[in-house]
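Just so it is clear: in the sequence shown, position 20 is 19 by numbering that gives the first Met the number 0, and no numbers are missing. Just below is one structure, and these are the notes that go with it.
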Amino acid sequence: MPVPTQEQVIEFCHENSIIDFLGVEIVPTADGCARLELDVKPQHSNPYGILHGGVLTTMADTAMGAACLMRNKKVVTVSITLEFLHPVQMSTRIITDAKILNEGRHIITCECAMIDEDKKIYAKAHAIFYAIAKVINN
């Protein structure tokens, strides 16, 4: 089965304009996929001076979607939940670690840890995606 290249996945992530708007970096990984990284700045904060939960949600959703793309599946989110474990302070570098837990023909279940450079977990996401098309047709 053909799969997209790492470059195609990164390019596809950049088509999600909110990622570029937030300043999220899409970083290639050794396994041929990509992770998302963000240096948290004041424009990402909520009224309490910590990272807004919506930013983490957007990053997790996109990272898990990228993992699905690597399986040649364009997906839409059916549901997503996040557990916020620790507040993310300004200047923290947040990194996504997305994985596919189960893959059916149309339904894909994923998880994503939101960590810092020391591997401290700030949030965990769990999502169900629905595959609407292949990235590369046979």
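All C-beta atoms in this analysis are idealised placements derived from N, C-alpha and C, irrespective of residue type, glycine included. Quick caveat: nothing in here was measured; it's all calculated off a predicted structure.
- I79 sits away from A33, with the two beta carbons spaced by 8 Å or more.
- Between L37 and M69, the CB-CB gap reaches or exceeds 8 Å.
- Unbroken alpha helix (DSSP H) runs of no fewer than 4 residues, entirely contained in the region 37-114, are found at 52-68, following chain order.
- I99 and I135 have their C-alpha atoms spaced approximately 19 Å apart.
- The beta carbon of M63 sits closer than 6 Å to those of A97, C109, C111, A126, all from its chain and outside the five residues before and after it, given in chain order.
- Between the beta-carbon of L81 and that of L55 there is about 6 Å, and that keeps the pair under the 8 Å contact cut.
- I120 sits in a strand when the DSSP states are folded into three classes.
- For V8, the uninterrupted alpha helix (DSSP H) segment begins and ends at 5-13.
- Per DSSP, reduced to three states, the secondary structure at I135 is coil, with no helix or strand assignment.
- One thing to note: I94 has its Cβ no nearer than 8 Å to the Cβ of D117.
- Check the Cα spacing between I106 and each of K40, Y129, I17, A65: the tightest is with Y129.
- Judged by beta-carbon spacing, V87 lies within the 8 Å limit of Y121, meaning their Cβ atoms are closer than that value.
- Listed in chain order, the non-local C-beta contacts of G103 below 8 Å within the same chain number zero, local neighbours out to five positions each way being set aside.
- Taking C-beta atoms as the reference points, K133 and K72 count as a pair closer than 8 Å.
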